[in-house]
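Be aware that the sequence shown starts at 1, since it is given in full-length UniProt numbering, and climbs by one per residue. We put the beta carbon where it would ideally sit given N, CA and C, even for glycine. Nothing here was measured: the structure is a model prediction, and the numbers come from that model. Taking it in order: structure first as structure tokens, then the write-up.
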Amino acid sequence: MKLPAGAALKRLVLETLGWLLVVAGIAALVLPGPGLLMIFAGLALLSQQYAWAERRVEPVRLRALRGAAESVETWPRIVLSVVCALVIGGFGVLWSVQPPAPEWWPVEKAYWLLGGRWTGVTLILSALIALALIVYSYRRFHKKPDAVRELDREIRAADDDEEEYDQAHD
Numbered sequence: 001m002k003l004p005a006g007a008a009l010k011r012l013v014l015e016t017l018g019w020l021l022v023v024a025g026i027a028a029l030v031l032p033g034p035g036l037l038m039i040f041a042g043l044a045l046l047s048q049q050y051a052w053a054e055r056r057v058e059p060v061r062l063r064a065l066r067g068a069a070e071s072v073e074t075w076p077r078i079v080l081s082v083v084c085a086l087v088i089g090g091f092g093v094l095w096s097v098q099p100p101a102p103e104w105w106p107v108e109k110a111y112w113l114l115g116g117r118w119t120g121v122t123l124i125l126s127a128l129i130a131l132a133l134i135v136y137s138y139r140r141f142h143k144k145p146d147a148v149r150e151l152d153r154e155i156r157a158a159d160d161d162e163e164e165y166d167q168a169h170d
């Protein structure tokens, strides 16, 4: 069955954006950025077209929330998270200002601060998102063991549902 032009374009845009977010999220798991959040957003978009993505949205969302809860369990973790977000934001400001390459820079000056101002903008946005997530996590989970237990219960239930689905489709 052929889709109308508008529906086909919408599907193409959603799928492209979904895959970009999933790939960027995977990269952000090891690079600065909210990796699980990006993977969740990408899967949420892809879930509109694919059953396999729909089954994975909730487990990824729950694991992202669990990571958020763990990040605010102790004050050293909170401080480290805030400091890391501020350092990322500081690098974003550096990239945005675009100072000339210093004399000690060992390679060609063209390789100083690759990516230009847009790299700085994305680093600043990543830092702001990280700080907002720290505040959200703190308000939702810090010193709230009932909220963490409920989240763990939801994770176990989602894992059980996934096992049942896998067994039914093997």
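**Report entry** Extent of the continuous alpha helix (DSSP H) run through Ser-81
**Finding:** Translated into the one-based positions of the sequence shown, residue 81 becomes position 81. Counting along the chain, the alpha helix (DSSP H) containing Ser-81 begins and ends at 75-97.
Query raised in the report: Whose C-beta lies closer than 8 Å to the C-beta of Leu-62 among residues of the same chain, with five residues either side of it excluded?
Result: By 1-based counting over the sequence shown, the position of residue 62 is 62. These residues qualify, in order along the chain: Leu-151, Glu-154, Ile-155 and Ala-158.
**Report entry** Residue from Leu-43, Ile-39 and Pro-106 with nearest C-alpha to Arg-55
**Finding:** By 1-based counting over the sequence shown, the position of residue 55 is 55. Considering only alpha carbons, the answer is Leu-43.
Query raised in the report: Alpha carbon to alpha carbon, how far is residue 226 from Leu-113?
Result: With the chain covering 1 to 170 only, the question about residue 226 has no answer from this structure.
Report task. Kindly examine the ligand COA and report whether one of its heavy atoms sits closer than 6 Å to the Cβ of Val-82. Result -> The ligand COA is not part of the structure shown, which contains no ligands of any sort.
Requested in this report: Mark Ala-85 as exposed unless 16 or more other C-beta atoms lie within 10 angstroms of its C-beta, in which case mark it buried.
Outcome: Position 85 of the sequence shown, counted from the start, is the residue given in the question as residue 85. Answer is buried; the Cβ neighbour count reaches 16.
Query - Beta-carbon proximity list for Leu-14, same chain, < 8 Å, skipping 5 on both sides - result: Numbered from 1 along the sequence shown, position 14 holds the residue referred to as residue 14. Cβ within range, chain order: Leu-45, Leu-46, Gln-48 and Gln-49.
**Report entry** Burial state of Gly-6, where buried means 16 or more other Cβ atoms lie within 10 Å
**Finding:** The residue labelled residue 6 in the question sits at position 6 within the sequence shown. Its Cβ having fewer than 16 others within 10 Å, Gly-6 is exposed.
Report task. Return helix, strand or coil for Asp-159, following the three-state DSSP convention. Result -> The residue given as residue 159 occupies position 159 in the sequence shown. Helix.
**Report entry** Three-pair Cβ contact test at 8 Å for the segment 84-102 versus the segment 125-135
**Finding:** yes
Requested in this report: Would you check if the segment 94-108 and the segment 137-146 touch, i.e. whether three or more CB-CB distances between them fall below 8 Å?
Outcome: no
Requested in this report: Please report the Cβ distance between Phe-40 and Ala-64, rounded to the nearest whole angstrom; I am assuming they are in contact, meaning their Cβ atoms lie under 8 Å.
Outcome: Position 40 of the sequence shown, counting from 1, holds the residue named residue 40. Position 64 of the sequence shown, counting from 1, holds the residue named residue 64. With a Cβ gap of about 6 Å, Phe-40 and Ala-64 count as contacting.
**Report entry** Asp-152 in three-state terms, based on DSSP
**Finding:** As a first step, residue 152 must be located in the sequence shown, where it is residue number 152. Asp-152: helix per DSSP, three-state reduction.
Query raised in the report: Beta-carbon of Ile-124 versus every beta-carbon of chain B: anything under 7 Å?
Result: No chain B is part of this structure, which consists of one protein chain only.
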